[in-house]
Ligand code: KG4
Ligand code: ZN
């Protein structure tokens, strides 16, 4: 008999202030509410997230977010079994705002406090949405993250590889900026690429010549800049078709790289003989249909099942934090009021540290 648990989750590690209530029991998990307040309009003039502005906005918004999440769930703090909060990795001011808010709630109500690793929140989402059993392979691809993980348990992950510089979403955003397309860059580049010829410009396929699952995306941006400048020098500007061809070439390079690295990650994962092999993907870049279909093809080739949570739970949210808190709670984990906010917090403590960090802050 599984005890039913209802947990309040808080998330503030980057540029989304979020609170959610999740219930989990015999029949699986249910998201009772999930409130996300983005900060795009606060940062758009600066071309990236400004940590101090983000932290101040989180501190101002968190309590109303919590009240909205409780109201939407039709519950009060007294109905909660615990409060879970992102304690890292992320932009330290934002993480501290969330941790302080959760500590305040815990101190005032006596609710147990659970610090959650933001990446564990993403990595456990397939269990929240689909009840996937351990072990499964996870690819996190967003503006701030890019890594392959085997999830063995709520606190046990093996990182197979990740980006050594930019995250793929960051590369899409920079590409859009270089071509004068609107932000966020992912959807604009994908839309332009539909009318483009992916073979006209020859983009590199970074790190494919090296073994392993590490990735690199910053060279694509440099290649794009060079090709754009060459066209401009020859013709005095870019036509719509030039832009579409550049987008298509760039996107195809990301697709090919992710497909090949996923093939390798899948081989390593299959060595563990999972009963029902699953690869799950999360993060905003998972919205890209060319990337998604390439990953599905690799998964088919290898005899696995492909799953992607709905987009609202793929991108940053607090339901994943509440759910990861529930998983930790069930293992007996509790934190005290001495819980610290951590800018860096690799999920797999045994793998070498990642070299890169994203525009949104060092993630692991
Ligand atoms: O997970 P997310 O909402 O936020 C974090 O980065 O934490 O991901 C946002 C990123 C942005 O860089 C955005 O350009 C990218 O995901 N993205 C896409 C697409 N939609 C969003 N990238 C490629 N293709 C898309 N359709
Ligand atoms: Zn995230």
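In the numbering used here, the protein residues as written are 157 to 520.
Think of the CB as a built atom: it goes at the ideal place given N, C-alpha and C, for glycine as much as any other residue.
| Item | Value |
| --- | --- |
| Any idea which residues DSSP pairs residue 294 with across the strands? | 305 and 436 |
| Just reading off the alpha helix (DSSP H) that residue 442 is part of, what are its end residues? | First-last for residue 442: undefined, no H or E at that position. |
| Could you spell out the range, first to last residue, of the beta strand (DSSP E) harbouring residue 179? | 172–181 |
| Looking only at its chain, what residues have a beta carbon closer than 6 Å to the beta carbon of residue 490, apart from the 5 residues adjacent to it on each side? | 268 |
| May I ask you to report which of helix, strand or coil DSSP gives residue 315? | strand |
| Spatial neighbours of residue 108 within its chain, please: C-beta separation below 8 Å, excluding the five flanking residues on both sides. | With the chain covering only 157 through 520, there is no way to say anything about residue 108. |
| Does the Cβ of residue 242 lie closer than 6 Å to at least one heavy atom of the ligand KG4? | no |
| When the Cα of residue 473 is compared with those of 282, 217 and 193, which residue comes out closest? | 193 |
| Is residue 161 helix, strand or coil when you go by DSSP? | strand |
| Which residues share a DSSP beta bridge with residue 186? | 179 |
| Please classify residue 189: is it buried, with 16 or more other beta-carbons within 10 angstroms of its beta-carbon, or exposed? | buried |
| Is the segment 269–286 touching the segment 206–224 in the sense that three or more CB pairs, one from each, lie closer than 8 Å? | no |
| How long is the line joining the alpha carbons of residue 221 and residue 326, rounded to whole angstroms? | 27 Å |
| Please indicate yes or no: does the CB of residue 527 lie closer than 6 Å to some heavy atom of the ligand KG4? | Outside the displayed span of the chain (157 to 520) sits residue 527, for which this structure offers no information. |
| When every heavy atom of the ligand SAH is checked, does at least one fall within less than 6 Å of the C-beta of residue 219? | With respect to the ligand SAH, the structure offers nothing, as its ligand set consists of the ligand KG4 and the ligand ZN. |
| So, for residue 229: in the same chain, excluding its five sequence neighbours on each side, which residues have a beta-carbon less than 6 Å away from its beta-carbon? | 177, 188 and 189 |
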